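*Asks:* In terms of the working numbering, the sequence shown opens at residue 24 and continues consecutively.
Note that CB positions come from ideal geometry on N, CA and C, so glycine has one too.
The model shown is predicted, which means the values in this text are computed figures rather than measured ones.
I have a structure I would like to understand better, so I am pasting it below and will then ask my questions one at a time.
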Amino acid sequence: MSPLIRFSFPLSPRMQGFLQVRDALACLEQANVENQPYVWLQACADLCISLFAEQGRRPGLADVTGLLSSMQVHLDSLAKEHPRYCEQIMRSCATLERHERNLRDGIEPAMAMLSSDALIHAWLNGLKKHDWLGHQSHMPHAVATLWSIKERRQVLHDGLQGLHEAVKSLHDMLHDFVGWEHRVAVGGGDHVRLERDKEFGLLIVGLTHEQVLAGLIPDISGNRMAIRLRFQCWQPGKPAMAAEQDVPYQAMMVPVA
């Protein structure tokens with residue numbers, strides 16, 4: 024099977040908090056590598072909102088550590104159910120335990136940087152007021168120069184290293200926890216019913232590169248017991264339209280919440 028483009032849908036508040044931290048960290052890393060100051064500042068702002076539980080979000084750090092613990096409980100249970108895989112599973116447990124210990128190493132300087140750095144604060148304040156140029160009209164000419172000061176970025180990225188490694192490891196495990204199920208959304212829609220005796224935290228929908236290139240995007244509604252999945256078609260310059268054709272896709276339900 025060719026690599027799939029994965030769409031992650033949280034089914035629990037804690038998983039949603041984890042995904043928000045994961046995506047902010049990924050944006051931050053990519054912006055730093057590709058020298059994109061505006062993307063970097065936006066990622067910093069998003070990470071601030073998650074880590075400091077602002078604007079109605081959950082405390083992201085607590086969500087990450089909570090999921091690390093929950094994953095270890097699930098892996099312990101799997102090791103008992105499948106003794107022949109016990110050694111491999113316990114290695115994964117040891118990895119999570121190490122990440123949990125190292126998670127807070129350096130995080131305090133990173134959070135201090137996020138909360139006190141003048142450039143990051145100015146950007147975040149502009150976002151909160153929905154008017155970056157109105158409140159900081161002089162800043163666009165100076166952003167690239169201020170951002171180029173290596174100390175500002177390095178302190179933050181060094182401090183977030185433990186969190187970044189923990190989140191990446193957890194992401195990899197969540198996306199390899201169960202096998203893909205092949206499904207077809209008839210007429211562009213499908214219903215996913217969940218087992219009542221299990222608690223699911225994540226629905227992952229996999230589409231091929233060609234499908235996404237054609238504009239197919241999944242969307243869900245419903246609740247944690249019955250999920251309604253609909254596919255939309257996003258074409259350049261046109262509003263989103265409901266897909267009416269049958270859409271084959273892959274699905275993965277992750278029983279970690």
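#1: Near residue 186, what residues of its chain come up, given a Cβ to Cβ distance below 8 Å and the 5 sequence neighbours on each side ignored?
#2: Could you tell me the distance, in whole angstroms, from the CA atom of residue 142 to the CA atom of residue 136?
#3: Quick one: Cα of residue 249 to Cα of residue 237, how far?
#4: Using 10 angstroms around the beta-carbon of residue 29, count the other beta-carbons present and answer buried if the total reaches 16, otherwise exposed.
#5: Just checking my contact of residue 272 with residue 189 at CB under 8 Å: how many whole Å lie between their CB atoms?
#6: Is residue 242 helix, strand or coil by DSSP?
#7: At what residues does the alpha helix (DSSP H) containing residue 31 begin and finish?
#8: Please report the Cβ distance between residue 10 and residue 235, rounded to the nearest whole angstrom; I am assuming they are in contact, meaning their Cβ atoms lie under 8 Å.
#9: Please look up how many angstroms separate the CB atoms of residue 265 and residue 211, rounded, as I've assumed it's under 8 Å.
#10: Please report the Cβ distance between residue 230 and residue 27, rounded to the nearest whole angstrom; I am assuming they are in contact, meaning their Cβ atoms lie under 8 Å.
*Replies:* On the basis of the supplied data:
#1: Position 163 of the sequence shown, counting from 1, holds the residue named residue 186. Cβ within range, chain order: 44, 48, 84, 87, 126, 130 and 133.
#2: Here residue 142 corresponds to residue number 119 of the sequence shown, with the count starting at 1. Here residue 136 corresponds to residue number 113 of the sequence shown, with the count starting at 1. Distance between the alpha carbons of residue 142 and residue 136: 10 Å.
#3: Against the sequence shown, residue 249 aligns to sequence position 226. Against the sequence shown, residue 237 aligns to sequence position 214. Distance between residue 249 and residue 237, taken at the CA atoms: about 28 Å.
#4: As a first step, residue 29 must be located in the sequence shown, where it is residue number 6. Burial call: exposed.
#5: Position 249 of the sequence shown, counted from the start, is the residue given in the question as residue 272. Position 166 of the sequence shown, counted from the start, is the residue given in the question as residue 189. Not a contact, Cβ separation roughly 30 Å.
#6: Here the question's residue 242 lines up with position 219 in the sequence shown. Strand.
#7: Taking the sequence shown and counting its residues from 1, the one referred to as residue 31 is at position 8. Segment 28-33 is the beta strand (DSSP E) holding residue 31; no alpha helix (DSSP H) there.
#8: In this structure the chain extends from 24 to 280, so residue 10 is not present and cannot be described.
#9: Numbered from its first residue, the sequence shown carries residue 265 at position 242. Numbered from its first residue, the sequence shown carries residue 211 at position 188. The C-beta separation of residue 265 from residue 211 comes to about 6 Å, placing the pair in contact by the 8 Å criterion.
#10: Locating residue 230 in the sequence shown gives position 207, where the first residue counts as 1. Locating residue 27 in the sequence shown gives position 4, where the first residue counts as 1. Confirmed, Cβ separation roughly 6 Å.
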